[in-house]
Every structure is written in structure tokens, then in C-alpha cells.
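Number of protein chains: 4
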Amino acid sequence: MIAILSPSTPDERIQEIVQFIEKHELQAHVSKGMERTVIGIIGQFSPSFGEQVRQLKGVENVVRISKSYKLASRDFHPDNTVIDWKGVKIGGDDLVIMGGPCAVETPEQIDEIARLVKAAGGQVLRGGAFKPRTGPYAFQGVGVEGLKMMKEAGDKHGLLTITEVMTPEYVDICAEYADIMQVGTRNMQNFDLLRKLGTIKNPVLLKRGFSATYDEFLNAAEYILAGGNPNVMLCERGIRTFETYTRNTLDLAAIPSLKTLSHLPVISDPSHGTGRRELVESMSKASVMAGADGLIVEMHTDPDNSMTGDGVQSLYPDQFAKLLHELEQIAPFAGKKFDTKKVPLNV
Amino acid sequence: MIAILSPSTPDERIQEIVQFIEKHELQAHVSKGMERTVIGIIGQFSPSFGEQVRQLKGVENVVRISKSYKLASRDFHPDNTVIDWKGVKIGGDDLVIMGGPCAVETPEQIDEIARLVKAAGGQVLRGGAFKPRTGPYAFQGVGVEGLKMMKEAGDKHGLLTITEVMTPEYVDICAEYADIMQVGTRNMQNFDLLRKLGTIKNPVLLKRGFSATYDEFLNAAEYILAGGNPNVMLCERGIRTFETYTRNTLDLAAIPSLKTLSHLPVISDPSHGTGRRELVESMSKASVMAGADGLIVEMHTDPDNSMTGDGVQSLYPDQFAKLLHELEQIAPFAGKKFDTKKVPLNV
Amino acid sequence: MIAILSPSTPDERIQEIVQFIEKHELQAHVSKGMERTVIGIIGQFSPSFGEQVRQLKGVENVVRISKSYKLASRDFHPDNTVIDWKGVKIGGDDLVIMGGPCAVETPEQIDEIARLVKAAGGQVLRGGAFKPRTGPYAFQGVGVEGLKMMKEAGDKHGLLTITEVMTPEYVDICAEYADIMQVGTRNMQNFDLLRKLGTIKNPVLLKRGFSATYDEFLNAAEYILAGGNPNVMLCERGIRTFETYTRNTLDLAAIPSLKTLSHLPVISDPSHGTGRRELVESMSKASVMAGADGLIVEMHTDPDNSMTGDGVQSLYPDQFAKLLHELEQIAPFAGKKFDTKKVPLNV
Amino acid sequence: MIAILSPSTPDERIQEIVQFIEKHELQAHVSKGMERTVIGIIGQFSPSFGEQVRQLKGVENVVRISKSYKLASRDFHPDNTVIDWKGVKIGGDDLVIMGGPCAVETPEQIDEIARLVKAAGGQVLRGGAFKPRTGPYAFQGVGVEGLKMMKEAGDKHGLLTITEVMTPEYVDICAEYADIMQVGTRNMQNFDLLRKLGTIKNPVLLKRGFSATYDEFLNAAEYILAGGNPNVMLCERGIRTFETYTRNTLDLAAIPSLKTLSHLPVISDPSHGTGRRELVESMSKASVMAGADGLIVEMHTDPDNSMTGDGVQSLYPDQFAKLLHELEQIAPFAGKKFDTKKVPLNV
């Protein structure tokens, strides 16, 4: 860490700052420039120590030169993490496709969609049982019954399942019925939830907060990793910007950037990332070329009548199957494998 | 709600859309323009119905003309809400000042700060017992012990207390020890927490999410109100923008805007809103002129050694007292009263 | 256009608003809902008329249902525009690659880079003679001499040239020496410059302002088109967000979105869009999959010593050639052709 | 400037980087930490040199510790600049009020508005003769005739005038007729325009680009100052964020921040900053409390029929007069003087 002093800081004050640093059992290296003096600070210190230094009189700014996350950093874990859960490998050579409705509605609905996801070549069934909604009067999900419906459909069709968990007290029951725990964008910094997820072993798909920096995103992952659960994957799902034509701005450069900064798998969500069905195909293909380890895509058999109103971003089953056929062809150019098992498009 | 159709939508399709609307027991008023046809939709419908209409073939866009929140809206509650808790009135004629440290550290620290807040004329003692931190290795607060220390200090010096509650399971214990429950910016859409806060009577200070629109903010308040707790106040605490000189961009126009849209009291947080001690005084005065019903301001007796590192935005006690004297003078020009009780500045 | 009235607007006021509309020789269709009344406004009106209506007493909001741009809109020009300039076709089946340095420095530099662009399969040589710089003390480009150097290099190696023009008075001389006129992100709303570019025939590459919406972007294009120059291409080059790891946030969903809204060709700039050399390859491939008609990529033979300091985002020649070989392979999956002419990678 | 090296940079590479720095006649101070090595770089270097260093192999990041602007910086000019133009002093003890319509329309309109501005106590008449408009079909201003109308009205009523200049070629004629040259938000980085404004002596009101950082803003001012014109004032007019209820987000913390970083006067524009008439009063008062040296406020005698459609943010004359009476009362609490000359409110 480096402290940059104000131009006119007198020598006595510089000495006091040095003493403050040394009092914390750290080393201080003073370097005088033509305009400013900087002090290099060396040793083990807590993240808040930087802020303490910044507020010292005479200190203009503080620059951290180490990252605040460790377990999530590629510096300390050069090889890619490959999550292996019941034989599905995420973060390795395979492209992993997670598909399904925004919300689980009925046993028939989720069974039919599971059949279609499997037939198209997907490996994971997505579906929400508990739904985070902006307003209190919107459909809030079918709850635990939905978890059971999903599990049945997943087991029957040979798919892993992923579902969102919104609060610490539901982590255990969600982990009992579903394979992958999804943390939604509004909960990326729900620290109690993250801590609880650190105590289980199920894989966690952590969605980027819609205004979170890469650094905050990786710190949120660090909470789970530090708790003892190494099976974390990151999900880019669009950030909030001034543009309103798309629901969010899908930040595809986040994919290679996060893979540079971290060893964790990175998944892309083109459905929430754009909020428009007609953009999902091109953004899915672009995500794969950007280096994504997988995609999570909304698909619904009757999106016009979906209960959440998110159908506007859901693919129809034939669009989903066609997309997966195209991904099969382009994946190798991004160093990935994906196999639709040559199932014909109309199933 | 209005559905705007694509330019070339044929008449048969228009009829189908009308039938879809009428099937939901709503009225459809078709109006043909030179370039486009629009359909007015009238009746009671769920928030997600709009999205269902938007995704119908032939529909280009949907415009809501009613707000999705009701209880929070001034349309349905023209008079200002004045929260009265143990005699402190928030949202009425009084300017309410909440002051204190980012985090409760020791009994001595919080007692001394409470004394200084009271002496300067403040009505509420702020202090964090549970701290939301970006990274898992930062100081996370002293927990329930901190609640007890705050309560003792508040009782002794005749101040209400406000503290952040981060998870539903801690609501009851926080409400037992503290007066006002604070929902932090990262939890504005922690819906389970909001629902739980709807079941108590203590006032809630709801901080705006750092990327939340006014509409989302008021919908979050609606969760608490709909649960049965009418004592909600809104807190503008800065939004995230591209500017990095300040920690956040304090959106002071939010104050009169929210007071136009809603009847709830609005509080300003110039400490988090700027992240810089030297900006707190001017932004506090500007907040009052913008129409704030109160301020929540960080003050610490030893900010250089605060445990959270947020000391950089904390006022020193003499700055805090001087600020309150100045607010006393300007408050009348914003239609507010504030009385420092003529306590001299050095106490 | 639709005017949405405030809930309690009395009938007399509604009548006055109707009269105001009819006074402007427009039709007003009143439609009363349960909560609000809306008035549909039909006829030919200027863009500012909407604002006039919005500010009428009793009007809460105004919604435009026609776009403010016409010539740029796909509604009025369903087929793709294909710009044909000296045989290079932009916006059709070919993927067009523009490569070169941020700034023209010396005749030898630009000649060698032109040779490498051509050898790798590129069709257009990029290079700046006039440079927009944040501060006045930075290198501002070599001026007209640079235009001459570029023309010589382009002619010798059989490449079109593209260069930025910053001010109306330089349009004619830039158009004399270069083929494609680039409008930089800071000048997207330099309306006098846009108007001047409407009077020439050279193709114009219009970069999106770093905080411009799609609507503003297409309105800027409309200025050029309305002036009589149909040869406009749009360039997504990243927008400004809160994320600082990348120089900008490349908004790849803009590519299919703009192609839906407009018939104009869309180019992607992964160099400025990310500001990091190591992200250019993946974002180039992602751009092609998103549907880009071409790419503009910085390449420099000695980026460590580039005069603008933008070398940090420039590819080395071998990276550039390798990228074009990869694009050749993936372009067909996005419906495009690109031919490196089988030139071996080391030339 | 400080170069932060990658964790594993070998000693030989560090030596090469040192040699690169010394080759540029600068000093390099190497400081090895536990995790990383940093190199302090001392001496005179161009702004682009930092980017050259950043792109060197082994360099992870570069941190500038001096500001890139000099003449605009308070470091080099500790006292406030007070612009004195024909006796009106901007940046000193007086609060300066600039009022008038968005656009000059007719001689009668501007004469009547000038009378009202003067009567209310304002010192400067604002009005646009050349209007920057998003689309080409909107009203573009009345041009040079408008300049003449403004001059006549200003002379008659004893007011300075301010008008926007959009292109270098119009600077001279604008400076002939008007006193203060306004640079609009879209032109903040129109560098040729800034350079031209450096060659005249008239005061320049430079509006912040709607997505410009403080640093970019001050660099834009630097262009004018470096050209030889010291009479520059900065104008905060709102930035673009995700919030759409207000036209822009008025960043009032910019006022004290810019006054800390720079010695130049700072003006606030609550009209464009909010885009809503009903917010102008509270934001004007908040701006003064934030430390503004003046305000530029839209006022129109018939805003419902203004030609630009910006009337929605214009005050009515009685609102304007009432605002100035209130400012007179609060200005002293912000260390400013403003005198309405006790003119009664109805004039």
C-alpha cells in the first residue's frame, strides 16, 4: 500500500505518519519526489487500515497494490477451478448450458421444460421457487413445493437443478432439493446469506450485483470461499447503465477480465442481461466467444402466460434447441466442447 | 396501462390482442393513429400483466400510467407522514439530527459520543453493531453487545438510537434494544428482511440502494408498509456513478422528488453520500435546503483510529457541534425548526 | 404521442388541453381510465411540441410513440444499407477489418503498418492525424502531414483509409486525403461537424458518445443523413459506467439492437471499448458473433513507444494477424465472409 | 508517478524498466515490498508517458500522483479567481444570478425577460441564439439576429449577457455581441472550440460534460487557460445516471469538490440539472448552501409556448423573483451577498 502525501506536508508530519505506521508493526518507506512525497507501507494489515491511513492529516490518497481478496484470486490459485457435481464439470473443457423457466409453476410445466432442456443437450435445469420481486404485490413464487417439483423433473430427465435462495434460513432446504444454489443480483452483498452458503458443499452460482465492480464481486465470492465452500461460479448478468432499451447492459468484457483476475468459472446470463428475447441468441454466442464456461438461459413453453411476466426474455423451446445446435458448432473456436447428442431439432 | 403496437400490425392481430386483454377481465380501448395504434387497458391487473402484454406479438411497448406502489404514494395519502416515537417527531416541523460513529466499539466510546450528540442538540444516536463489509476479512461489528452498549448510552443521555439490521433473524433483538431499525443500501431489496420489518412497529430508516431508482426505492418501502408497519422513513445516501472523487454521488434532487411522490419522511446521509469529511458540512446544509426532514451524520471522537476505517467521513465532535449551530440558523428558511438549546460550542 | 393526465385533472382543464392541441392543427383523442385520463395526439408535430404538452398544467407525462429519427430508422428503410466505396462493401456479406495505429507518426511507421494490415487481410487502414486529447499538454497529432502519409501508405498497399476529423473546417481537407471520416466519441453531438459531414459523400464512421443512448446515437446519424450523405456507419466503442477495470464497458448488445432499430452498418471497436490489449481478441470474436459488420482495431509495430500512450490497447502485428485468421473461421457462423487470402501468419 | 509491478517480475526485467525510465531522463526509485515491487518515477514527463510505462511488460498499474492540469489547479493558485467583467464580479463575495429563456425568440420576448431579470435583482441575462439539439428537425435557434436582440436588451436594462457558442468560427461574433461565452455540455471536449476560446478575453462559462469526471472537467478548463484566457468559470449542470425521473442528476458535491481542487468560480444550473420546474427552487437554495458562486436559471414569460420545448424547466417570472428574494436571505449563511434592491415582488 502506498500513501501519497499532500504537496506541502512538513517533515515533522511525515515523521508522525511514519510513526503511526510503525506503531501498527508495519514498515514505512519514505520516497520524496519533486512535487510530492509517498510512503510505501509493507506488511500484513487489515483492509480497513488503508482507510485509517487515508484520513491522517497530510495524506492525500492511498493506493492499494494488493487485492483485498485472496482465495478468489488467480495470484494464489493459478489453475482454473473445475467444479465437479454429480459428474457435470463446470469450468473445464465443457460448455455447460442451464435452461428453464423464470419460475416453477406446475409439475407438468417443469417436467415438460426439463424434457426439452435435456433433449436439446442442456445439462442443468433452472427454475425459481422463491422469486425476488421489486414490488410486494407481484407473484412471489410457489416456495418449497416448487423445489420438490424441480427435483422430480431433474431426477426424471437426468439434469442437475439450479434455484435461487434468498435468505440464510432457506439454504438448508434448498440444498436438500436442488444441486446448485443461485444468489441473485440483489443479494450479492447479503453477507449473512453468503456466509451461510460457505458452510455447505453444493455449488453456488453467484450473480454479479447490477452495480457491482469486479472487485466487489470477487470479494463477495471470497465470503463463500472463506467459509469453506470452494464450489463457487461467477455469473455476469448485466449491469445498470443509462441505456434503457435493454433491461441491463451485458458486460461481456467481464468474462475474460474475471477469468484473468480469478480461477473461478464464469457463466453468462443473456436473458436477464438483455431482457429481450430477440437478443438472447446473439448474446449467447458472443458470450461463448468471450470465454464463458456456461450459459444460463430462460426458456418457457408458454412465455406469453408466464407467471412472473419475465416471459418477454424467455426463448421458445424451438429457439432454445436451435441455439444449442449453433453453440455446438462455435464452441470449439472458444476452446470448449458442447454436444447436443445429434438430437434432431424437433423433439 | 397503454400498449403501443408495431406500425404494421394487421387488424386481425389487433383483435387477438384485444381478446387477450378481455380474457383477463379488463377493458381494451383501441385508438388508431397515423403511424401507430395504441390500446388503453383499464381495470385491476397484477404488475406482471404488463410484461405479458409487452411480449405479445405486435406489441412494441407498454407504458404504465399508474404507479406500482400504493401505500407509499402521495396520491393515496396526501398529508405528510409524521413518525412519532417516544416524543421525537420525524417528518413534521422539526429537523431531526442523528449522529454517532460508524460502529459501536466500547462502552466508553459510545457513552462519550452520546454525550456529545446530546450536547450539540441531536435527537438520535447512531451506531452500528452489525456491519456490512465488502470483504470477509474486515471488522464485522461487535454484535449484540454493541446493541446493549448503545441502549445504555441512549437511555443515559436521553437519545433515541438507530442501528442497522442485516438479516430477518436479528430484527427482533435489534428492535428490543434500539429504537429505529436501519436497512443498509445493500439490503434495500432484501425482501425477506423488508417483510420482517413490516411485522414490527419500530420506525425503519430505509436507505436507498446505491443503484436504485426512486420507483424501486418506493416499492421497497411498500414491502414494509404492506406488512403493517407505517413508520418508514426514506434515506438518500448517494448513488453510484462514474465519478470516483466522491465515494458516491449524493442525489439531493431525490429529496424534493421523493417528497412529491410520497408522504414518507426523507432523511439525508451526507457522510456516506460523499465519503469525505470536508464535504459533510456543505452537503448537510444543502440537504436541509433541499427539504430533508433530518440528517444522519457520522461523528467520532477519534476518527483516525475508528475500527471500520470509515473515520475518513466522520466529523470531529467540534465540527459536529458547529454544524448543528449553523443548521439551527438556516432551518427556518427551509420551513424547519432545530434548537441546539443554546449550548455553547465547547462542551 | 400520448399525454397522461394527473389523477384529479378536472374536465374543464381537459378541455383546455384538447383545445391547445387542436390549436396546433392536431387531433386529440381523450380516453378516460379508472385512475387517469390519457389523450392521444395525432398528426405532424415538431419534436419540441411534446415538451410543450408535458409542461401544460394537468399533464403528468408525455410518451412519444414515434421515433424522432426517420432516415436512420429501419421502419422507413427495411433493407440493410450497404456502403460501397471504391469496391469495399460495408454492411453486406463481408466482414470489414480496419486496422492501424492510434496516431500516424512517421511515413515509415504508417507504411510498415499498412503493409501488415494488408498482409493480414484487412481492408482499411486506420490512423489519427488530429487527436482529441483530454488535456492540452498531450500529443495532439501531426496534422495535415499525417493525412498525406496515410494516403500514400493506403494507395501503395491497396487499402482504404479512415481518420478522425474533429472540426467542420477540416472536413474538406480530410475528405480529400482519406476515404472514411471518423467522428470521435466526444464529437457525436458536435452538430456543426455532423451537418458539414452531411454535405460530402465520403462514408462516415460515427462513434457512439460514451454516454449516448441508442436514440441519441441514431439522432446524431440523422443529422448526417438529413444533410444528404447516406453513407453513415455506426460504431459501438464502449460506454462509461462505474466499472474502472476496463477503460469503457463495451456494450455488445448495442450491435443487434442498433441493427434492429436501423438499417445502417454497425462496427465494433474492441480497442477503445476495453482499453486493454489482452481483451481485444475475445471481444473482437464476441463482436462478430453479436452481428458486427466490421471491426476497427488498433495495431502498432512498437506499441511500447507509441506517441499517444494508447499503445496499451494496441495489438502487436502477430496478434493482429492471428486474430484475423480466427475471424476468418468464425465469421460464417455469424453470416459473414472474411478472407485472409491464406497468407501465412508470419509475413 | 508510481509504477506497480506484477508479483513475479524478475530482477532483470525490473532493471530494464528502470533503464527505460532513465532513458527518458527521469529518476527511478525502486522499492521492494513483500508482495510487489513499486518504482517511483520523478521528473518532468508528458501525460502520455504514464501510459507508455503502464504498457511495459511487468508493469501492472501506474498511479499518477500529480494532477494533469496545472493552471486550473488550486495547488498552483491558492487564491480564488474573481472574474471582473464590466463591474460584475464572479467568484468573490457576490452571488451572481444569471436568468433568462432557453432561447431568444423575439426582440419583445427578450426585452421583457431582461426587464424582469433586472427587476428581480439578477446581474446577467441568459439566452440561446444557437441551440444544440439532439435531433436535426428541432428548432435550432435564431442565430446572429438573436445575439443582436440580446445585446440590445442587456444594454437597455443594465445586464451582462451570456450565450452559448457551439463552433470555433462563431466565437468572434458571439464575443462581439455577448459578454460571457457559454460552452455547452456536449462541447466540453470540443477541443478546437476550447482552444479558440483561449484566444479571447471574454469570460467563459464551461459546462461540465454530462459524463465528465472532475478531472476531465478541469482538463477542459485547462485548454482555455493554457490558451491565455484566465476568465473561466465552471458550471455543474447535472450528470447522466440511471435515474430517469429527473433529466439529469445534479451533483451538488461537485461544487465544494471543484472549489477544493481549483481556484475557478463554480456556477450551478438547477434548471438543466433537474429538468423540472418544481425542483428548481429547492435545488437553487441547496446550490448556494453547497458553495456556488452563482446560478444560471431558466425563466420565461410564457414557458408553455417556448420554442425549444425546454419551458418545462423554466420558472415563471413571479417564481424567479420569489426565488431571488429567498436567496437574498440565505446567501449570508454561505458567506455570500446578494441584494434584490428591495424591489417588491410584483413588478
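Chains as they are written, first to last, in our numbering: chain W, 52 to 398; chain D, 52 to 398; chain A, 52 to 398; chain Y, 52 to 398. Just so it is clear, CB atoms sit at the ideal spot from N, CA and C, and this is done for glycine as well.
- Bridge partners of GLU349(D) according to DSSP: GLY151(D).
- Between MET340(W) and chain A, the shortest Cβ-Cβ separation is below 8 Å.
- Shown here, LEU378(A) sits in a helix according to DSSP, grouped into three states.
- Exclusion of the five residues before and after THR300(D) leaves GLY289, ILE290, THR292 and GLU294 as the residues of its chain whose Cβ lies within less than 7 Å of its Cβ.
- Secondary structure in the stretch 64-121 of chain A: the alpha helix (DSSP H) runs of 4 residues or longer, each lying completely within the stretch, are 98-105 in chain order.
- Within 10 angstroms of the beta-carbon of PRO58(W) lie fewer than 16 other beta-carbons, which makes it exposed.
- For THR214(W), the pairing in a beta bridge is given by DSSP as MET232(W).
- For CYS286(W), same chain residues with a beta-carbon under 6 Å away, outside a window of 5 residues either side, are LEU256, LYS258, ILE318 and ASP320 in chain order.
- ALA226(W) does not reach chain D, its nearest Cβ partner there being about 17 Å away, counting only Cβ pairs nearer than 9 Å.
- The three-state reading of DSSP puts THR300(D) in strand, counting E and B together.
- For the C-beta of VAL363(Y), the chain A residues within less than 7 Å are, from N- to C-terminus, GLU102, ARG105 and GLN106.
- For the stretch 322-341 of chain Y, no residue has a beta-carbon sitting nearer than 9 Å to a beta-carbon of chain W.
- Annotation: the continuous alpha helix (DSSP H) that includes ILE275(Y) extends over 265-277.
- Secondary structure of MET284(W) (DSSP, three-state): strand.
- Taking 8 Å as the cut-off, the Cβ atoms of LYS310(A) and GLY342(A) count as close.
- At a cut-off of 8 Å between C-beta atoms, ASP302(A) does not count as an interface residue with respect to chain D.
- When the five nearest sequence neighbours on each side are left out, the beta carbons in the same chain lying within less than 6 Å of the beta carbon of PRO219(D) are those of ASP243, LEU244 and LYS247, in order along the chain.
- With its beta carbon less than 8 Å from one in chain A, PRO58(D) belongs to the interface.
- The straight-line gap separating the alpha-carbon atoms of GLU273(D) and PRO187(W) is approximately 7 Å.
- DSSP places ARG166(A) in the uninterrupted alpha helix (DSSP H) bounded by 158-171.
- Per DSSP, reduced to three states, the secondary structure at ILE306(Y) is helical.
- Annotated three-state conformation of ARG177(D) is strand, per DSSP.
- Sixteen is the threshold: when 16 or more other Cβ atoms of the shown chains lie within 10 Å of the Cβ of THR88(Y), as they do, the residue is buried.
- Only exposed fits GLY279(A), as fewer than 16 other CB atoms lie within 10 angstroms of its CB.
- In this structure, VAL69(D) and ILE93(D) do not form a Cβ contact; the two beta carbons are roughly 12 Å apart against a cut-off of 8 Å.
- For SER119(D), the neighbours in chain W by C-beta distance under 9 Å run, in chain order, THR185, GLY186, TYR188 and ALA189.
- Bridge partners of ALA54(A) according to DSSP: ILE90(A) and VAL113(A).
- One finds PHE293 in chain Y with Cβ atoms closer than 7 Å to the Cβ of SER262(D), taken in chain order.
- For the stretch 268-290 of chain D, the set of positions with a beta-carbon nearer than 8 Å to some beta-carbon of chain Y reads ILE290 in chain order.
- With respect to chain W, the C-beta atom of ASP126(Y) has a partner C-beta closer than 8 Å.
- Neighbours of THR218(D) across chain W, judged by C-beta separation under 7 Å: PRO219 and ASP243.
- LEU256(A): member of the beta strand (DSSP E) spanning 255-258, first to last residue.
- Under the three-state reduction of DSSP, SER319(A) is assigned to strand.
- With contacts defined by Cβ atoms closer than 8 Å, PHE96(W) and LEU122(W) do not form a contacting pair.
- Taking 9 Å as the Cβ-Cβ cut-off, the stretch 343-358 of chain D approaches chain W at PRO354, ASP355, ASN356, SER357 and MET358, given in chain order.
- Around the beta carbon of GLY209(Y), a 10 Å sphere encloses fewer than 16 other beta carbons of the protein chains shown; the residue is thus reported as exposed.
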